[in-house]
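Everything in the sequence shown is counted per the working numbering, starting at 2 for the first residue and increasing by one. Ideal Cβ positions, reconstructed from N, Cα and C, are used throughout, including at glycine. Structure first, commentary second.
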Amino acid sequence: MGLFKRNPFGHILFIKRWLIFFFGVLTHKRYRGFNDLQIEGSEIIKNLPDTNVLFISNHQTYFADVVAMFHVFNASLSGRVDNIRNVGYLWKPKLNIYYVAAKETMTDGLLPRILSYVGAITVERTWRAKGQDVQREVNLNDTENIKLALNDGWVITFPQGTTKSFKPVRKGTAHIIKQHKPIVVPIVIDGFRRSFDKKGLRLKKKGILQSFIIKEPLQIDYENETIEQIVEKVQYAIEQHPSMLKVIAAEEVKIQEDLNKQREY
């Protein structure tokens, strides 16, 4: 019976364990070899409770961002500090990690369907479908599934719902935070857009510094803060607040370009 133990979504944990191990081994060099994943704040991961943790992050590719998080979380839980050296941490991965993803993305092809088994909570986007702007009601089953996942473990979400920078944070994330009162851990990533194609499946360029910064959990007054206040707090935490988008002087651009060259090996 233990061999066929399932999670709340009916996924067999034995199969999920081997999918994480297989894809983890397959992708490891994308973050440590072809490119250099530099991690900060991994000690925060080890001190988190086993359930009701919500990770919020900016988004740069469909899949590479999430795969990196599975690597970093499991490496951190196995005692590694700010590194993913040696894939031994994949032998016994944390199986109650979930990530929120658009339903149309996770049903578009065989590989996304397989990756969905690893832990996707598929949701119907209320503002966009098949490349077109739409307006539709929130699917209550989607919010219930997120609640189930938080009760069972950790959930990764990308509050902007897009890989484009400085897009608005969706209020749905704030509603989840206010309703379920999870520990909210911000993550800020960079370099993935330069390393991979938009889907995050194809390696586009080697020798890129990928940064992965885990911040301290947000201090949130779940009872008294408004949805708008939580949205703004999330925007600042994942460094996507509109105030951070500014015209950069030519001298600053040159300095940044020189820095990017130094980051390449």
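Q. Whose C-beta lies closer than 6 Å to the C-beta of residue 143 among residues of the same chain, with five residues either side of it excluded?
A. 124
Q) Considering residue 109, what are the terminal residues of the alpha helix (DSSP H) in which it resides? A) Where residue 109 is concerned, there is no enclosing alpha helix (DSSP H), given that its DSSP letter is neither H nor E.
Q | Three-state class that DSSP yields for residue 163 in the structure shown | A | coil
Q. Does the Cβ-Cβ distance between residue 219 and residue 183 come in under 8 Å?
A. no
(Q) Just to confirm, is the Cβ distance from residue 186 to residue 205 under 8 Å? (A) no
**Q.** As assigned by DSSP and simplified to three states, the class of residue 15
**A.** helix
Q: Within 10 angstroms of the Cβ of residue 71, are there 16 or more other Cβ atoms? Answer buried if so, exposed if not.
A: buried
Q: Classify residue 77 as helix, strand or coil using the three-state DSSP reduction.
A: helix
Q | residue 199 beta carbon less than 8 Å from that of residue 164 | A | yes
Q) Between residue 193 and residue 167, what straight-line distance do the alpha-carbon atoms span, to the nearest angstrom? A) 16 Å
(Q) Would residue 57 and residue 174 be called neighbours here (beta carbons separated by less than 8 Å)? (A) yes
Q: Determine the direct distance from the alpha carbon of residue 101 to that of residue 156, and round the result to whole angstroms.
A: 7 Å
Q: Provide the residue(s) that pair with residue 144 in DSSP beta bridges, ordered along the chain.
A: According to DSSP, which records beta bridges pairwise, residue 144 is partnered with nothing at all.
**Q.** Per-residue burial, residue 190 [other beta carbons within 10 Å of its own, 16 or more giving buried]
**A.** buried
(Q) Output needed for residue 73: all residues of its chain with C-beta closer than 7 Å, excluding positions within five of it in sequence on either side, in chain order. (A) 40, 43, 85 and 213
Q | Three-state secondary structure (DSSP) of residue 98 | A | strand
(Q) Given this structure, state the Cα-to-Cα distance separating residue 54 from residue 78, to the nearest angstrom. (A) 14 Å
Q. Contact check, residue 118 vs residue 20 under 8 Å by CB: the rounded distance?
A. 6 Å
Q | Whole-Å CB distance - residue 7 paired with residue 96, under 8 Å assumed | A | Going by Cβ atoms, the distance from residue 7 to residue 96 rounds to 11 Å, so no, they are not a contact pair.
Q. With 16 as the cutoff for other CB atoms within 10 Å, does residue 23 come out buried or exposed?
A. exposed
(Q) Looking at residue 37: is its Cβ nearer than 8 Å to the Cβ of residue 201? (A) no
Q) Going by beta carbon distance, what residues of the same chain come within less than 8 Å of residue 88, once the five residues before and after it are set aside? A) 25, 26 and 29
**Q.** Pick from 9, 237 and 63 that is closest to residue 196, judged by C-alpha positions
**A.** 63
Q) Does DSSP put residue 52 in a helix, in a strand, or in coil? A) coil
Q | Secondary structure of residue 244, DSSP reduced to three states | A | helix
Q | Inter-residue spacing [alpha-carbon to alpha-carbon] between residue 92 and residue 179 | A | 35 Å
Q. So is residue 246 buried or exposed if we call it buried at 16+ other beta carbons inside 10 Å?
A. exposed
Q: Put residue 227 into one of helix, strand or coil per three-state DSSP.
A: coil
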